[in-house]
Amino acid sequence: MNPGKILLVEDNPDDVALTLRALKSHNITNEVIVAQDGAQALDYLFGAKANALGDELPAVVLLDLKLPKINGMEVLQRIRADEGTRLLPVVILTSSDEERDVIEGYSLGANSYVRKPVDFVEFTQAAKQLGLYWLLMNRAPPVSRRP
Amino acid sequence: MALRDWPIKRKLTAMLVLISGLVLLLTSAAFAGYQYWSLRRATRDALSVRGRIIAANSTASLAFANDADARELLSALRADPHIVAAVLYDKGGHVFARYPASIVGDLVPAAPGPDGYRFERGLLIGFQPVEETGSQRLGTLYLASDLGAVYDTFRLSGVIGLAVMAVALLAAYLLSRVLQGTISQPILALAETARAVSTRQDYSVRASRLGSDELGVLTDAFNQMLGRIEDQNRALTQSQDELQRYAADLERRVEERTHELKERNESLRRNAAELLAANTELDAFAYSVSHDLRAPLRTIDGFSQVLLEDNAAQLDEAGRESLHRVRAASQRMGTLIDDLLKLARVTRAEIRTEDVDLSGMARDIAAELQRATPERQVEFAIAPGLKARGDARLLRVVLDNLLRNSWKYTAKQPAPRVEFGPVEANGGEAFMVRDNGAGFDMKYADKLFGVFQRLHSAAEFEGTGVGLATVRRIINRHGGRIWAEGAVDQGATFYFTL
Numbered sequence: 008m009n010p011g012k013i014l015l016v017e018d019n020p021d022d023v024a025l026t027l028r029a030l031k032s033h034n035i036t037n038e039v040i041v042a043q044d045g046a047q048a049l050d051y052l053f054g055a056k057a058n059a060l061g062d063e064l065p066a067v068v069l070l071d072l073k074l075p076k077i078n079g080m081e082v083l084q085r086i087r088a089d090e091g092t093r094l095l096p097v098v099i100l101t102s103s104d105e106e107r108d109v110i111e112g113y114s115l116g117a118n119s120y121v122r123k124p125v126d127f128v129e130f131t132q133a134a135k136q137l138g139l140y141w142l143l144m145n146r147a148p149p150v151s152r153r154p
Numbered sequence: 103m104a105l106r107d108w109p110i111k112r113k114l115t116a117m118l119v120l121i122s123g124l125v126l127l128l129t130s131a132a133f134a135g136y137q138y139w140s141l142r143r144a145t146r147d148a149l150s151v152r153g154r155i156i157a158a159n160s161t162a163s164l165a166f167a168n169d170a171d172a173r174e175l176l177s178a179l180r181a182d183p184h185i186v187a188a189v190l191y192d193k194g195g196h197v198f199a200r201y202p203a204s205i206v207g208d209l210v211p212a213a214p215g216p217d218g219y220r221f222e223r224g225l226l227i228g229f230q231p232v233e234e235t236g237s238q239r240l241g242t243l244y245l246a247s248d249l250g251a252v253y254d255t256f257r258l259s260g261v262i263g264l265a266v267m268a269v270a271l272l273a274a275y276l277l278s279r280v281l282q283g284t285i286s287q288p289i290l291a292l293a294e295t296a297r298a299v300s301t302r303q304d305y306s307v308r309a310s311r312l313g314s315d316e317l318g319v320l321t322d323a324f325n326q327m328l329g330r331i332e333d334q335n336r337a338l339t340q341s342q343d344e345l346q347r348y349a350a351d352l353e354r355r356v357e358e359r360t361h362e363l364k365e366r367n368e369s370l371r372r373n374a375a376e377l378l379a380a381n382t383e384l385d386a387f388a389y390s391v392s393h394d395l396r397a398p399l400r401t402i403d404g405f406s407q408v409l410l411e412d413n414a415a416q417l418d419e420a421g422r423e424s425l426h427r428v429r430a431a432s433q434r435m436g437t438l439i440d441d442l443l444k445l446a447r448v449t450r451a452e453i454r455t456e457d458v459d460l461s462g463m464a465r466d467i468a469a470e471l472q473r474a475t476p477e478r479q480v481e482f483a484i485a486p487g488l489k490a491r492g493d494a495r496l497l498r499v500v501l502d503n504l505l506r507n508s509w510k511y512t513a514k515q516p517a518p519r520v521e522f523g524p525v526e527a528n529g530g531e532a533f534m535v536r537d538n539g540a541g542f543d544m545k546y547a548d549k550l551f552g553v554f555q556r557l558h559s560a561a562e563f564e565g566t567g568v569g570l571a572t573v574r575r576i577i578n579r580h581g582g583r584i585w586a587e588g589a590v591d592q593g594a595t596f597y598f599t600l
């Protein structure tokens with residue numbers, strides 16, 4: 008399995024706990040860095056907390072949309088605007104499947120859009136599939152924060 | 103003033119005076135001519151008589167050459183002041199005696215002229231032979247008379263004639279003044295009436311008829327004409343009044359309508375603005391619901407499951423059962439939220455009209471249902487070639503809901519059958535989806551399409567009660583109508599128009 012880290016951008020601690028549990032229950036042991044809002048996410052990628060990730064970029068970013076301070080779409084925009092993170096795989100993982108969010112997400116360059124199911128069993132299933140797909144099956148682009 | 107512009111009274115008077123004047127003039131002229139001629143004749147005759155008498159009396163003087171007697175005789179002519187000259191010639195044609203004694207020159211011809219009386223150089227002259235009765239000629243008497251007597255008489259009759267003419271003309275003038283009235287009066291009356299009509303536009307006046315001559319006929323005709331004009335005028339005024347009333351009425355109505363329209367427009371504009379605001383609010387609300395309302399449900403469901411997995415040993419059967427109920431409820435609420443969001447989306451969605459193949463769509467949905475539940479055997483009868491104009495995505499939601507309902511409610515039927523086809527309704531084209539499933543009581547038919555209205559319990563048939571509300575909203579947004587017929591355990595039929 009890809010040893011890369013997962014950057015989980017999620018403000019709801021319940022969702023964080025459930026996501027971590029879901030990943031763990033399927034033996035996805037990759038380190039998960041949690042950013043509690045958009046500003047933190049950008050900090051991890053570009054700013055003061057960037058060293059938390061070391062020189063490596065995460066293998067995948069799981070991005071919620073409704074976030075305090077800087078919302079998910081803006082975070083995605085900034086990721087795509089930066090030469091170093093332009094190709095970074097970003098999966099939108101959010102409560103809503105409002106059509107306009109889906110369209111805007113893909114327009115801004117999201118690699119995938121997954122709606123969080125209410126049913127925790129289904130949610131666990133979704134987390135498992137995501138982990139398997141993005142960490143195992145998917146061939147990530149050769150990205151480095153410091154080219 | 104030109105003659106043709108004269109008032110008719112003056113014209114008639116002038117005409118009458120002119121005619122009578124002319125007649126008088128001609129008569130007087132004829133009379134004067136005749137008098138002149140007869141006066142001259144009478145004067146000549148008188149002179150010749152006088153000549154013959156003097157000649158007869160002078161025979162002795164001539165025969166005896168007594169010139170004193172002759173002069174005496176001639177001087178008797180003094181009594182007639184008009185005799186200007188008298189000369190007695192002897193047999194040889196020499197002047198024998200003359201009157202007056204001093205007379206010379208032209209008035210005394212040197213020798214006697216031919217016998218007879220004639221007018222010469224403004225004088226009446228005459229040569230009268232002096233003869234002894236029935237024998238030889240003794241000499242010639244010459245008489246010259248001026249025409250004073252003629253002129254005096256003539257002048258007098260001229261004065262009388264002129265006086266008569268003046269009186270006659272005055273009489274003619276006065277008479278014509280009176281008589282012209284019989285002609286001019288009706289004409290003037292007509293003219294006055296015509297003036298009244300033209301200046302006052304008063305067609306009710308009538309010219310008075312003064313006789314039954316041609317003017318009377320003219321007056322009658324004029325009055326009749328006025329009568330007709332008055333009638334027509336009245337009719338015209340009436341229709342004008344009517345027209346004006348209509349116009350005023352029309353104007354008032356147009357104003358009213360315009361006002362109404364303006365108000366309606368205004369209220370429409372307000373409604374549109376309100377609707378827009380409501381839609382925007384609904385949009386924000388739906389967006390918030392879809393993001394924020396589901397998150398706590400996930401937490402409830404998630405941690406219930408965590409409890410069930412991690413703490414199963416500490417829980418008894420009732421505790422586990424409770425947690426299952428919590429999970430079921432939160433999942434059900436998730437579905438409810440999803441359905442409500444769908445309903446809201448249908449309300450907000452913009453309708454894009456296109457040709458839609460309803461038969462093909464129904465077949466797709468039937469196949470999908472069959473795929474999802476392969477163990478069920480449902481007979482689908484879908485009429486081919488059904489088309490409509492509308493929004494394909496929304497119409498798919500309609501057919502999906504109706505066919506899915508039929509699929510669901512025929513679950514307990516041994517030979518389930520679902521039908522989609524055309525039907526005639528109220529003279530128009532409609533569609534129907536019919537099944538032989540659980541049906542419903544017509545008593546509750548009006549509740550079918552209400553949000554969260556269900557005719558079956560969740561235990562019998564699951565559902566949220568939002569589907570048919572969504573269907574009805576889509577149909578309404580297409581300007582169509584939906585209604586249903588059914589009976590308990592006899593199946594249900596849903597009709598809709600687009």
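Those sequence lines, one after another, are chains A and B. In short: position in the first sequence from 1, add 7, done, that's this note's numbering. In short: position in the second sequence from 1, add 102, done, that's this note's numbering. Heads up, the beta-carbon is just placed ideally off N, CA and C, and yes, glycines get one too. These figures come from a predicted structure and were not determined experimentally.
Partners in chain B for Lys73(A), counting only beta-carbon separations shorter than 8 Å: His393, Asp394
Whether Glu17(A) touches Gly45(A) by CB criterion (8 Å): Taking the C-beta atoms as reference points, Gly45(A) is found no nearer than 8 Å to Glu17(A).
Simplified DSSP assignment, three categories, for Gly218(B): strand
Cβ-based neighbour list, Lys123(A), same chain, cut-off 8 Å, excluding 5 preceding and 5 following: Excluding sequence neighbours, Lys123(A) sits near Asp22, Leu100, Thr101, Ser102, Phe130, Ala133.
Residue of Ala213(B), Ala451(B), Val252(B) minimising C-alpha distance to Gly224(B): Val252(B)
Contact with chain B by Val93(A), beta-carbon distance below 8 Å: For the sequence presented, residue 93(A) should be read as Arg rather than Val. Answer no: the Cβ-Cβ gap between Arg93(A) and chain B never drops below 8 Å.
Inter-residue Cα distance where the pair is Leu345(B) and Gln334(B): 16 Å
Distance CB(Val535(B))-CB(Phe596(B)) smaller than 8 Å: Closer than 8 Å, so yes.
Within 9 Å of chain E by C-beta, residues of the segment 397-408 of chain B in sequence order: No chain E is present in this structure, whose protein chains are A and B.
Cβ of Glu1(A) within 8 Å of any chain B Cβ: Past the boundaries of the shown model lies residue 1(A); chain A is included only from 8 to 154, so the question cannot be answered.
The segment 412-422 of chain B in contact with the segment 379-386 of chain B per 3-pair CB rule at 8 Å: The segment 412-422 of chain B, when compared against the segment 379-386 of chain B, does not touch it at the 8 Å Cβ threshold.
Per-residue burial, Asn19(A) [other beta carbons within 10 Å of its own, 16 or more giving buried]: buried
Contact under 8 Å by Cβ, Leu190(B) with Leu176(B): yes
DSSP state of Gly194(B) mapped onto helix, strand, coil: coil
Top-ranked residue by Cα proximity to Phe602(B), from Arg506(B), Ala464(B), Val206(B): This structure cannot settle anything about residue 602(B), because the visible part of chain B is limited to 103 through 600.
Whole-angstrom C-beta distance between Phe221(B) and Leu141(B), which should lie under 8 Å: That belief does not hold up - the Cβ atoms of Leu141(B) and Phe221(B) are roughly 12 Å apart, past 8 Å.
Limits of the alpha helix (DSSP H) - the one that Val266(B) falls within: 250-302
Neighbour flag for Arg146(A) against chain B, beta carbons, 8 Å: no
C-alpha distance - Pro154(A) paired with Thr92(A), whole-angstrom precision: Any reading at Pro154(A) must be qualified, since the residue scores a pLDDT of 42, below 50, and its modelled position is unreliable; no value is offered.
CB contact check: Asp44(A) to chain B, cutoff 8 Å: no
Cβ-based burial, Lys514(B) [other Cβ within 10 Å; buried from 16]: exposed
Within 8 Å, strictly: CB atoms of Ala293(B) and Val307(B): no
Residue nearest to Ile577(B) in terms of C-alpha spacing, selected from Glu362(B), Val499(B), Leu505(B), Tyr138(B): Val499(B)
Inter-residue spacing [alpha-carbon to alpha-carbon] between Val428(B) and Phe405(B): 10 Å
Within-8 Å CB hit, Asn34(A) to chain B: no
Cβ distance (whole Å) where Val98(A) is taken to contact Leu70(A) below 8 Å: Confirmed, about 7 Å.
Straight-line Cα distance separating Arg200(B) from Leu179(B): 11 Å
Gly153(B) (DSSP reduced to helix, strand or coil): helix
Of the listed residues Ala296(B), Thr449(B), Lys510(B), nearest to Thr475(B) (C-alpha basis): Lys510(B)
Distance CB(Gly11(A))-CB(Asn37(A)) smaller than 8 Å: yes
DSSP-derived helix/strand/coil call for Pro154(A): Note that Pro154(A) has pLDDT 42, beneath the 50 cutoff, so the model's placement of it is unreliable and the number below is only indicative. Reduced to three states, the DSSP call for Pro154(A) is coil.
Per-residue burial, Gln407(B) [other beta carbons within 10 Å of its own, 16 or more giving buried]: buried
Inter-residue CB distance, Leu245(B) and Ala188(B) (contact presumed, cutoff 8 Å): 5 Å
is_contact[Ser102(A), chain B] using C-beta, thresh 8 Å: yes
Beta-carbon proximity of Arg506(B) to Leu460(B), cut-off 8 Å: no
Where the beta strand (DSSP E) containing Ser119(A) begins and where it ends: 119-122
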